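Below: one structure, written as structure tokens.
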Amino acid sequence: MAAASWYHRDISRVVAEELLARAGRDGSFLVRDSESVAGAYALCLLFQRHVHTYRILPDDEGLLSVQSIQGIQAQCFHTLPDLISAYQHPNNGLVTPLLYPVHRARQVPDEDSDGEDGQGSGHAASTVPAMVGTWASAPMTGQTHIPQQLHQRLQEQVHSSPASDFMGFLAEYLTHHVQLDLETLHLGHPQLRHLSTILATACRALHSEIDFTLVGLETLGRVFDPPMSPHSPARERSLLPSDPDLEVLLHKISAVNHLLSSLEKKVLKSLQETVSRHNLVLPSTVAAPPPSAKPLAVQSFEVKAGKSQRVVLMVDVESGTVTITKRGSRSPEELIPQDKILQLIKYQSVQSKVRLVCARESQKSLSKDFVFASARKREAFCQLLQLMKIQHSNLDEPELISVYVGTWNMGSTPPPRSLASWLTSRGLGHTQDETTACIPHDIYVIGTQENSLGDREWVEFLRASLKTLMAIDYRVVALQCLWSIKMVVLVKPEHERRISHVHTSSVKTGIANTLGNKGAVGVSFLFNGTSFGFINCHLASGSEKTHRRNQNYSDILHSLVLGDKRLGGFDLTLRFTHLFWFGDLNYRLDMDVEDILTHLTKKEFQALLAVDQLTLEREKNKVFLRFSEGDISFPPTYRYERGSRDTYVWQKFKPTGVRINVPSWCDRILWKSHPETHVVCNSYGCTDNIVTSDHSPVFATFEVGVTSQFVPKEAPGSGPEALACIEWESIEVILKTTSRSKCYIEFHSYCLEEMQRSGENTFQNCDIPGFLKLGWSSKHLPVLNPILPDLEYLGDQHLLLSIKGVESCESYGECCIAMRSMISSTAQQFETFLFHRGEETGSMRGWMRVRVPTDQCSTRERLYEWISFEEKEEDAEAVPDPPTCPRQPPQRPRSRPRSLPEAATNYTNPAYFIFEGVPNTWGPGPGEAPHKQAESPLGGQRCWSPPEPWARSPSEGERCGGRPRHGAPSPSRGHPLSPPGAGHQRRPKSAVLARDAAGPGDRSPPALHLLGRGDTQEVPPRQPHRALEAGRCPPCREVPRPLGARAALGALHLEAQPRPAAAPQPARM
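First residue of the sequence shown: 98, per this note's numbering; consecutive thereafter.
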């Protein structure tokens, strides 16, 4: 009997709803694993175009029952098939009987195109665990208890190890065929024919993997054999056509065993002779002891000051001074101590220009403009001044650290003796200037794939290399390995005490998700009060395996166990302040190899990036949602000829024929950070002189803002403390779901003593098929009380929210809200997207405020906030002189974190137009009053068309020194000190999925039509533009993008002629 095909294992809620939507018939159903309770299941049932989800829970005795069907007595069953059979009959408490099982897709596993993987993707062939059973039982003889005992043992193994395709074969054998083998034994036949057949079928995938392994081992063996050595007999056997017969497989395994046992001794002997002749030893601290300290030398920059004057800037980090000397003069013209440097302003119109704002004895400040030889030199100067500020600050804990991330597929060959270019970010692309390349980073995270070195050997090699380069004995925070995938995290000795809560994890995504030749390793930890996550992965190879790589990403995201256990229900990408994801992602270029080579000869990288699979998949919102990546200005890092970086070897000869591997950017580094945090990518490139592998090592360096473990300014209990509070006026949520479940919201934050939850939603609208709109009023939202009322502490905190169904307790989406912009005496608007298991599942918007006691409102400028941006050169002349005291930020231009998007002034998510109709205007002309918008279903205009928050008087928090705010920026340009393009909101290049498109007879909202891929538009604010008020900056919030691949409404565009908004037509999706 076939295994139950309605069981879909651990697919997500979104995928389950899609499968049921395709089935389309009332009574269609499937069963999946529960996301909220381990060992439980979720029964998903389609009725009247809506999906109803019921939890199936096991009791203490292992009996299964459907949870909480009102008015119906609970029934218990031994197996899922028994439960499903019972609920095929009416009047059992379900909205409709279970009529039509939705079968899981059965895909024939395919070989990895490069021979590195075996067969199939772990997600493609989900299997039923042993406890699920089948629709019917095979006839049993008197020994029924024997298969049952064996079946129970298999159940225990399934619960203690990941389920795989192999478990499905074993479950089928124990359920149907073990009894037949028992009967043959009673008849006196010692052969277990059915077991042999099952094993031969289950191990079919191993043939290609073992053939590939045998060829590689024999090739390596012949390298160390004498020249006339004959071929191994196993060579001929490995090249025979794959035979599923178990005996042939055993012969192959025996050959592998023999080769592995003899090869190690042979290679060891050969390498020992080679080392003695050529001295190919790894770097050692004993051979070349570095100095105990390596002070940073004084760096000089020749610049142009004024219109034509040439001067030399000399930066002495150790003494904390900047010296200005005229070219050709021996005596310095001016000496500026670091504490007199108030601000550093980078021009955007002239990438090599910077303005230095210094304090003088008088109340006025002095500004000096300098033009460097290149933008790279300017960045080096700014980094040195930043380092000077850090070293001479009086802070006990750092506010800014540097993080190095490196990834390299080593191609199963030992590394060269020196990794200097990789570890100092020198080579091709956006690289470090020579003046700053040897400045040691605070944290080094080094990920490798196909690393043949031993774990300890590799760690010591890296530590020795860094000690040689930096004269620092870096400490090991973590080492996590999965076969040849390795990740090492090293920190400076002074930071070792600041590291806590270290967690490691790994996920296999090789053959049937059971082999670790592909997969990921992860490390997470806290640096004081900031959480970091790092993931190094090696995804499926082959140009045509884009879907498999996407599935690998999803499996890693779902299975990797990192971070705070209390946040286990949240999307992995939301659990950390900063998450870095890197490795051999193996995404290729979708272009003919000859055309690729032509573009590479002309260094036309943009034309190639337009067909980069990772870029295209990200644009479709299928992977790495809301991640960032540095600009790629270096050539593809794969597939080079070993020993050279001049030639790409794009042909790979295999026993089955010639395989084409086009040059591609396989090796990548991406990151994702919480909103309103500081992270800047200072370099992103690859080396050009490490040639032992067919991949070039890739590096990226980051400037990251961190927070300290906060200590109250006054001892607890020293006096009565006024409490801070987080208040909610309203929350609206739009979910991409066919469910009609009531929902509640969970609130998590490190500033709360425990998780809080809201009541059930007070408003619900499911008139638009495929979407559910929910609303909460203030009465049903909790008032949250942070553990500390300090403004500086709360400004660094974030709230994690999760929308959960009342019946299933499963998440429909999670989001992160920064509290910094919400600190005010009046309600502030927020809007963000919801994520779940790597997918965008909806949107959330609302009004909230964070109240802080007036005596706790003192704050200060962070070290990374004194560097600002100037969008246009002429704007610099209008910047008012900052005061001499750097602790009065409201009176001087303040910069916001450079990684933040510019704050939008109104809601931009097209999902809201589906329910509320198209606004009759986007932005009034100069002097025009804003148009009044229709009221929200929650009641009152304020819920979605904000009142005049920009015209109000300074809030209580601002009057007592809180972070200032100012008016909405013009749609044509951002804040004068913002990064380039910050004032332009560009919609992503997503498209409406076919399942969401309007069908025949459907009606769409007026004035909406689709944008083709590549179309972008600016979204002007609906509020009238007001002059910037001095010392006030806008609340920075995350600017949403349209819903993702599975939840996309698509990029919606407003026609030039506005339609009347009196009677908006609903959309029929």
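We put the beta carbon where it would ideally sit given N, CA and C, even for glycine. None of these values were measured; they are calculated from a predicted model.
Does DSSP classify residue 64 as helix, strand or coil?
-> Nothing about residue 64 can be read from this structure; the chain reaches only from 98 to 1166.
Backbone secondary structure at residue 778 - three-state DSSP | As a working mapping, residue 778 is identified with position 681 in the sequence shown. Residue 778: strand per DSSP, three-state reduction.
Using only alpha-carbon positions, find the residue among 630, 546, 557 that is nearest to residue 613.
-> Counting from 1 along the sequence shown, the entry for residue 613 is found at position 516. With distances taken between Cα atoms, residue 613 lies closest to 546.
Taking C-alpha atoms, which residue in 644, 695, 659, 676 lies nearest to residue 717?
-> The sequence position of residue 717 within the sequence shown is 620, counting from 1. Answer by Cα proximity: 644.
Taking the runs of the alpha helix (DSSP H) that are 4 residues or longer, which of them lie wholly in the stretch 514 to 570?
-> 517 to 520, 552 to 567
Proximity below 8 Å, CB of residue 735 to CB of residue 840 | Start at 1 with the first residue of the sequence shown, and residue 735 comes out as number 638. Start at 1 with the first residue of the sequence shown, and residue 840 comes out as number 743. No; because the gap between Cβ atoms is not below 8 Å, this pair is not in contact.
Nearest residue (CA-CA) to residue 311, options 348, 403, 276 = Numbered from its first residue, the sequence shown carries residue 311 at position 214. For residue 311, the nearest C-alpha among the options comes from 348.
Do residue 927 and residue 671 have their CB atoms nearer than 8 Å?
-> As a first step, residue 927 must be located in the sequence shown, where it is residue number 830. As a first step, residue 671 must be located in the sequence shown, where it is residue number 574. It is not a contact, given that the beta carbons lie outside the stated cut-off.
Rounded to whole angstroms, what's the CA-CA distance from residue 530 to residue 467? Just pull it up for me.
-> In the sequence shown, the residue the question calls residue 530 occupies position 433. In the sequence shown, the residue the question calls residue 467 occupies position 370. Approximately 18 Å between the Cα atoms of the pair.
Assess, as a yes-or-no matter, whether the stretch 715 to 732 is touched by the stretch 656 to 665 under the definition of 3 or more beta carbon pairs within less than 8 Å.
-> no
Step through the CB atoms of chain B and report whether any lies within less than 8 Å of the CB of residue 878.
-> Absent from the structure: chain B. Only one protein chain is present.
Run the CB neighbour count on residue 599, radius 10 Å, all protein chains shown included, and call it buried at 16 or more, exposed below.
-> Residue mapping note: residue 599 aligns to position 502 of the sequence shown, counting from 1. Result: exposed.
By the 10 Å Cβ neighbour count, where 16 or more other Cβ atoms means buried, how is residue 566 classified, buried or exposed?
-> The sequence position of residue 566 within the sequence shown is 469, counting from 1. Under this definition residue 566 is a buried residue.
Three-way DSSP call (helix, strand, coil) for residue 863 in this model = As a working mapping, residue 863 is identified with position 766 in the sequence shown. Residue state, collapsed to three classes: coil.
Looking at C-beta atoms only, is the number of pairs between the stretch 852 to 865 and the stretch 633 to 642 that lie closer than 8 Å three or more?
-> no
Should residue 965 be labelled buried (16 or more other beta-carbon atoms within 10 Å of its own) or exposed?
-> As a working note, residue 965 is residue 868 in the sequence shown. Under this definition residue 965 is a buried residue.
The alpha helix (DSSP H) with residue 696 in it runs from where to where?
-> Here residue 696 refers to the residue found at position 599 when the sequence shown is read from its first residue. Its alpha helix (DSSP H) spans residues 690 to 698.
Pull up the distance between the alpha-carbon of residue 139 and that of residue 605, whole angstroms please.
-> Walking along the sequence shown from the start, residue 139 turns up at place 42. Walking along the sequence shown from the start, residue 605 turns up at place 508. Distance between the alpha carbons of residue 139 and residue 605 is about 25 Å.
Three-state secondary structure (DSSP) of residue 766 = Along the sequence shown, one-based indexing puts residue 766 at 669. Residue 766 falls in the strand class under three-state DSSP.
May I ask you to list the residues that DSSP assigns as paired with residue 129?
-> If you number the sequence shown from 1, residue 129 lands on position 32. DSSP lists 139 as partners of residue 129.
Ends of the alpha helix (DSSP H) at residue 479?
-> Position 382 of the sequence shown, counting from 1, holds the residue named residue 479. Unbroken alpha helix (DSSP H) run through residue 479: 472 to 488.
Does DSSP put residue 584 in a helix, in a strand, or in coil?
-> Taking the sequence shown and counting its residues from 1, one reaches residue 584 at position 487. Looking at residue 584 - three-state DSSP - the assignment turns out to be strand.
Got a sec? Which residues, its chain only, sit under 6 Å from residue 880 by beta carbon, not counting five neighbours each side?
-> Locating residue 880 in the sequence shown gives position 783, where the first residue counts as 1. Only 822, 824 meet the Cβ criterion.
Applying the criterion that 16 or more other CB atoms from any shown protein chain within 10 Å of the CB defines a buried residue, is residue 485 buried or exposed?
-> Taking the first residue of the sequence shown as position 1, residue 485 is located at position 388. Buried, since its Cβ has 16 or more Cβ neighbours within 10 Å.
How do the stretch 666 to 686 and the stretch 754 to 767 stand: do at least 3 beta-carbon pairs fall below 8 Å, yes or no?
-> yes
Assigned secondary structure, residue 506 (DSSP; H/G/I helix, E/B strand, else coil) | Reading the sequence shown from its first residue, position 409 is the one you call residue 506. Residue 506: strand per DSSP, three-state reduction.
Quick one: give me the first and last residue of the alpha helix (DSSP H) that residue 890 is part of.
-> In the sequence shown, the residue the question calls residue 890 occupies position 793. Element bounds for residue 890: 888 to 891.
What is the DSSP secondary structure of residue 202, reduced to helix, strand or coil?
-> Residue numbering aside, residue 202 sits at position 105 when the sequence shown is read from its first letter. If DSSP states are grouped into helix, strand and coil, residue 202 belongs with coil.
Going by DSSP, name the residue or residues bridged to residue 797.
-> For the purposes of this step, residue 797 is taken as the residue at position 700 of the sequence shown. Partner(s): 502, 781.
Leaving out the 5 sequence neighbours to the left and right, which residues in its chain are closer than 7 Å to residue 588 when beta-carbon positions are compared?
-> Here residue 588 corresponds to residue number 491 of the sequence shown, with the count starting at 1. Counting only Cβ-Cβ distances below 7 Å, and skipping sequence neighbours, we find 539, 540, 571, 572, 574, 596.
Is it true that the CB of residue 579 sits closer than 8 Å to the CB of residue 603?
-> Here the question's residue 603 lines up with position 506 in the sequence shown. Here the question's residue 579 lines up with position 482 in the sequence shown. The answer is yes: Cβ separation under 8 Å.
First through last residue of the beta strand (DSSP E) which encompasses residue 467 = Here residue 467 refers to the residue found at position 370 of the sequence shown. Note, residue 467: beta strand (DSSP E), 462 to 468.
In or out: residue 316 buried (at least 16 other Cβ within 10 Å) or exposed?
-> Taking the sequence shown and counting its residues from 1, the one referred to as residue 316 is at position 219. That one is exposed.
When the distance is taken between beta carbons, is residue 827 closer than 8 Å to residue 842?
-> Residue 842 sits at position 745 when you count from the first residue of the sequence shown. Residue 827 sits at position 730 when you count from the first residue of the sequence shown. Cβ atoms of residue 842 and residue 827: not closer than 8 Å.
In angstroms, rounded to a whole number, what distance separates the CA positions of residue 586 and residue 502?
-> On the sequence shown, residue 586 is found 489 positions in, with the first residue counted as 1. On the sequence shown, residue 502 is found 405 positions in, with the first residue counted as 1. If I take the Cα positions, the gap works out to 9 Å.
Environment of residue 477 [buried if 16+ CB atoms lie within 10 Å] = Counting from 1 along the sequence shown, the entry for residue 477 is found at position 380. The residue in question, residue 477, is buried, as its Cβ has 16 or more Cβ neighbours within 10 Å.
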